[in-house]
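Inspection log for the structure reproduced underneath, given as structure tokens.
There are 2 protein chains.
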Amino acid sequence: MTFPDWTPDDFRRHGYEVVDWIADYLARVEDLPVISRVEPGDIRAMLPPRAPEEAEPFDAVLADLDRVILPGITHWQHPGWFAYFPTGASPPSILGDLVSSGLGVVGFLWATSPAATELESQVLDWLVDLLDLPQGWKTTGPGGGVIQMSASDATHLAFVVARHRRHETPVEQMVVYASAEAHSSVVKGARVAGVRHVRPLAVDEELAIVPAAFEAAVVADLEVGRTPLAVVSTVGTTGTTAVDPVRPIGEIARRHRLWHHVDAAYAGTAMICPEFRHHQDGLELVDSYVFNPHKWMLTNFDCSAFWVADRRPLIDAMSIMPPYLRNAASESGQVIDYRDWHVPLGRRFRALKLWFVLRAYGAEAIRAMVRSHVELARGLAARLEADPRFELVAPVPFSLVTFRHVAGDRATDDLAAALNASGDVYVTPSHLDSGSFIRVSIGQRTTEARHVERLWQLIDDLAPPARSAG
Amino acid sequence: MTFPDWTPDDFRRHGYEVVDWIADYLARVEDLPVISRVEPGDIRAMLPPRAPEEAEPFDAVLADLDRVILPGITHWQHPGWFAYFPTGASPPSILGDLVSSGLGVVGFLWATSPAATELESQVLDWLVDLLDLPQGWKTTGPGGGVIQMSASDATHLAFVVARHRRHETPVEQMVVYASAEAHSSVVKGARVAGVRHVRPLAVDEELAIVPAAFEAAVVADLEVGRTPLAVVSTVGTTGTTAVDPVRPIGEIARRHRLWHHVDAAYAGTAMICPEFRHHQDGLELVDSYVFNPHKWMLTNFDCSAFWVADRRPLIDAMSIMPPYLRNAASESGQVIDYRDWHVPLGRRFRALKLWFVLRAYGAEAIRAMVRSHVELARGLAARLEADPRFELVAPVPFSLVTFRHVAGDRATDDLAAALNASGDVYVTPSHLDSGSFIRVSIGQRTTEARHVERLWQLIDDLAPPARSAG
């Protein structure tokens, strides 16, 4: 060693300690308050102003996980996590990611670790079958799948590819269309891609795009000389899990040559169960599709699965070949070089954790998990609906329940704040034009009936009567 | 449990097994051939065509790491790794990343896990001192640091921020400038940002930008009505680790209002040693800066440290606030929400691994590592220079040695191929306008004098005499 370093046995010893720390964390997380109670600056105040010059004992680092870090953690892995969407961090996934860290390979070319590329292609092809996506999206067909870092990256990428395909047109003329309820990554991705016009499309009472409104917007833009570039159909919006009608949107997109991107970041996982697939009928009219195994499919962040129906425009937009990346395998045309499938060059061996998850659970267990979460959500929705104090804000096609207190915004906001102050649950306060509401997202791996029961008790206890001042 | 799942103790047991597997891998990686010898399709042929319906025993998954995955791994952690640049995967870093996976938090807002944001700010402020970057780049000043996924993402982001700042100008008129030797991420980042003109600037005999050539290019573009947008100074190019003159480029950039981005992806780590800092003199004339702890600073992929001198234009370009992300902490203005510092929304707790590395090694050990790699590189360069068969292609300011066989391209290419066929070492064959050359990048954590000695023996044995047919 040319500097003081750990031996493999040091790694083994400290590795056991960290595994123990995580196992203990997983066992006790339910007893911690879900939401961190620190104030801004509290964590930094516990950290020294400068990095250490000399090595510290590993014990000191581990002790600081408890002393410094844990008080500042809001526990996404708590079974009372009903906020945002869940983020998967199942035990097999954690270990798959650990193997990725241990191998420490960067698979930007097939040649820089063939297994990293080939396992990724295979696992994403597996998902095509598991979710009943179009067969042509397999890497063995004209399309193909690739792991992106996030759905935001994937949606941005879809716009860049669409824009590149139309590179004879000034970007200032281009227009992107999406539901007024689409995720903020649509507006952000368009902005990052330089597209200045994003049309928020009118939605129906279930908060889904009205296809006629989409076509009218396209026609209006064409009439003033703009170039309709791309449309995003969301299958499961962030606000309420509303489902845009993929088929009619796809038909309009084809007619006017728009790129059609589907954002199923959260709800894509549900498609492992046949009974949810009608929500995305029309995928043969789609150019790109993203869902996040790191949300509901038990896989830890980051792992966002992205498919294109035709990989040529993607590679055409993303490929740059400098001399230090030339190699015989790439030049043979027989391999996939995933660096040509996204913005960054470097890439982690992320397929390992997805492979671990799919093998350690098997598809049937994932289906059982999805169905149990959906059933819990429907049960909660039924209770809310039966109580005169509450009204549902939107249908419950998956496992998100949205409701408000009938006494109005203040009662709703106060209820959300009181729930979150309990320490047992975390819900997301949100609002629509129609007013404030509460999002209850059920999807954490360890959430069981008793946790939803506890949430219901809290709601029942903390909510004022229906006639309370609003 | 609502579906068959692992208990915390299952995680503990299998976690030990994975730690053992990695410890054993680290102990034996030196005995494996550096470069995978599989052919395209070999790995996929060992994988079943469909995902399993039922759970498989974890033993079967672990066994397949050896049977299926390892043959397809090119070992970036092998001490004979002299290809590309190194990628750090030190034992403390692997464990820091494991804790991140175990906690499974997504820190897109301060409020979604305050420790994730505050540790990141603190550790990046530590690096400002460790690398002697401008004090104003600390998060406590007008600037600030943030972990990006890769230098490609960071460079692309710099262009997007620069473009957004000039949003009154059509992107079609904008021009980006960089060395003809700059990394491919400059051309790719510009293309992704919609910038169509990238001027490859003339370089001197040491392959560094000629400042007068930069200014002449800017003036020529201004004269035809184009808008010079941004310039990239590279401190340590990928091809030869050439160093662009940051100060004169910065002065020209200021004069003409260009965004000045520094790409020190590889060489930034060296700045922990004062003797290398003269290579980036002039940082007070820089708008943004990126270096990759995941290259030479012992931190596993992905971890790219990015600073801006002024965070306002970055946040102005990246911030979008939908209702489901509103929260009191953000609205107080007292906290950093890192989602506004990059393209994606979701983000891993990446600061943990950097914190583990800085504490488990301490700054002095990292300096010792850098100095030992540089000394090994200079020793190899001296031997090559003293041998009439070889000539150096470029100076050796850090730990990359570039050389060619004097008999010409074919002798050089053949030597690279023979070295890589040995199984003991991996070098990168590359070329410049002046012809083929061999890149020897010394920077893998476990590379010692004996490994460079072995490389030299192979070079000495395999290279033909100086007068061989070229």
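Protein chains in written order, with our numbering: chain A, 1 to 470; chain B, 471 to 940. Each residue gets a CB set at the ideal place from its N, CA and C atoms; glycine is no exception. These figures come from a predicted structure and were not determined experimentally.
Nearest candidate by alpha-carbon position, reference residue i, set the options
| i | options | result |
| --- | --- | --- |
| Phe826 of chain B | A:Pro52, A:Arg383, A:Thr412 | A:Pro52 |
| Ala888 of chain B | B:Phe761, B:Ser703, B:Pro783, B:Ile505 | B:Ile505 |
| Gln280 of chain A | A:Gly236, A:Leu258, A:Val175, A:Pro323 | A:Gly236 |
| Val910 of chain B | B:Gly849, B:Asp879, B:Ala856 | B:Gly849 |
| Asp733 of chain B | B:Glu638, B:Arg696, B:Ala628 | B:Ala628 |
| His726 of chain B | B:Gly709, B:Phe746, B:Val689 | B:Val689 |
| Arg669 of chain B | B:Val641, B:Ser649, B:Ala798 | B:Ser649 |
| Thr609 of chain B | A:Tyr289, A:Gly41, A:Thr269, A:Pro344 | A:Gly41 |
| Val876 of chain B | B:Ile543, B:Arg841, B:Ala933, B:Trp766 | B:Ala933 |
| Asp903 of chain B | B:Val778, B:Arg859, B:Ala886, B:Val863 | B:Val863 |
| His167 of chain A | A:Pro313, A:Met271, A:Val29, A:Met46 | A:Pro313 |
| Gly72 of chain A | B:Val630, B:Leu579, B:His843, B:Pro519 | B:Leu579 |
| Pro91 of chain A | B:Ala672, B:Val630, B:Pro474 | B:Pro474 |
| Pro935 of chain B | B:Val593, B:Asn762, B:Arg859 | B:Arg859 |
| Leu207 of chain A | A:Ala190, A:Thr240, A:Val231 | A:Thr240 |
| Ala497 of chain B | B:Thr916, B:Val897, B:Ile929, B:Glu721 | B:Thr916 |
| Ala89 of chain A | B:Thr557, B:Pro556, B:Thr639, B:Leu568 | B:Leu568 |
| Glu364 of chain A | A:Ser100, A:Pro274, A:Asp221 | A:Pro274 |
| Ala525 of chain B | A:Ala213, A:Leu358, A:Thr155, A:Trp81 | A:Leu358 |
| Ser800 of chain B | B:Thr582, B:Arg537, B:Ser563 | B:Thr582 |
| Arg336 of chain A | A:Ser319, A:Phe291, A:Pro323 | Per the sequence presented here, residue 336 of chain A reads as Ile, with Arg not at that position. Of A:Ser319, A:Phe291, A:Pro323, the residue nearest in Cα terms is A:Ser319. |
| Ala660 of chain B | A:Gly423, A:Asp221, A:Ala193 | A:Ala193 |
Residue i at chain B interface by Cβ criterion, 8 Å
| i | result |
| --- | --- |
| Asp409 of chain A | no |
| Ile252 of chain A | no |
| Lys188 of chain A | yes |
| Asp433 of chain A | no |
| Arg348 of chain A | yes |
| Ala220 of chain A | no |
| Gly141 of chain A | no |
Cβ of residue i within 8 Å of any chain A Cβ
| i | result |
| --- | --- |
| Pro698 of chain B | no |
| Leu870 of chain B | no |
| Met839 of chain B | yes |
| Arg829 of chain B | yes |
| Thr472 of chain B | yes |
| Gln605 of chain B | no |
| Gly940 of chain B | In this predicted model, Gly940 of chain B has a pLDDT of only 43, less than 50, meaning its place in the structure is not dependable enough to derive any value. |
| Trp476 of chain B | yes |
| Pro744 of chain B | no |
| Tyr647 of chain B | no |
| Glu801 of chain B | no |
Residues bridged to residue i (per DSSP)
| i | result |
| --- | --- |
| Pro855 of chain B | The sequence shown places Glu at residue 855 of chain B, rather than the Pro named in the question. Answer is none; Glu855 of chain B lacks a bridge partner. |
| Phe390 of chain A | A:His405 |
| Val689 of chain B | In the DSSP output, where bridge partners are listed per residue, Val689 of chain B has none listed. |
| Pro715 of chain B | Partner(s): none; Pro715 of chain B has no beta bridge. |
| Gln77 of chain A | Note: Gln77 of chain A sits in no beta bridge, so no partner. |
| Phe684 of chain B | Phe684 of chain B pairs with nothing; no bridge assigned. |
| Ile147 of chain A | A:Ala305 |
| Asp263 of chain A | A:Thr234, A:Val290 |
| Phe82 of chain A | A:Val427 |
| Ile209 of chain A | A:Val203 |
| Ala648 of chain B | B:Pro670, B:Val702 |
Selection of the segment 533 to 560 of chain B by Cβ proximity to chain E, strictly under 9 Å: Going by chain labels, chain E is absent from the structure shown, which instead holds the protein chains A and B.
Short-range partners of chain B found in the segment 114 to 128 of chain A, where Cβ spacing is below 9 Å: Pro114, Ala115, Ala116, Thr117, Glu118, Leu119, Ser121, Gln122, Val123, Asp125, Trp126, Leu127
Meets three-Cβ-pair contact criterion under 8 Å: the segment 808 to 821 of chain B and the segment 648 to 660 of chain B: no
Chain-ordered residues of the segment 853 to 869 of chain B with a beta carbon less than 9 Å from chain A: none
Interface residues of the segment 764 to 778 of chain B facing chain A [CB-CB below 7 Å]: Asn770, Phe771, Asp772
Residues of the segment 924 to 936 of chain B whose Cβ lies closer than 9 Å to any Cβ of chain A, in chain order: none
Inter-stretch contact (C-beta, 8 Å, three-pair minimum) for the segment 841 to 855 of chain B and the segment 605 to 623 of chain B: no
Cβ pair count under 8 Å reaching 3, the segment 512 to 531 of chain B against the segment 105 to 120 of chain A: yes
Interface residues of the segment 404 to 429 of chain A facing chain B [CB-CB below 7 Å]: Thr428
Cβ pair count under 8 Å reaching 3, the segment 804 to 817 of chain B against the segment 774 to 790 of chain B: yes
Short-range partners of chain B found in the segment 16 to 27 of chain A, where Cβ spacing is below 9 Å: Tyr16, Glu17, Val18, Val19, Asp20, Trp21, Ile22, Ala23, Asp24, Tyr25, Leu26, Ala27
Interface positions of the segment 147 to 160 of chain A facing chain B (Cβ-Cβ less than 7 Å), listed along the chain: Met149, Ser150, Ser152, Asp153, His156, Val160
Residues, ordered as in the chain, of the segment 501 to 535 of chain B that lie near chain A by beta-carbon distance below 7 Å: Ser506, Val508, Pro510, Ile513, Arg514, Leu517, Arg520, Ala521, Pro522, Glu523, Glu524, Ala525, Glu526, Phe528, Val531, Leu535
Segment contact, 8 Å Cβ cut-off, at least three pairs: the segment 479 to 490 of chain B with the segment 80 to 88 of chain A: no
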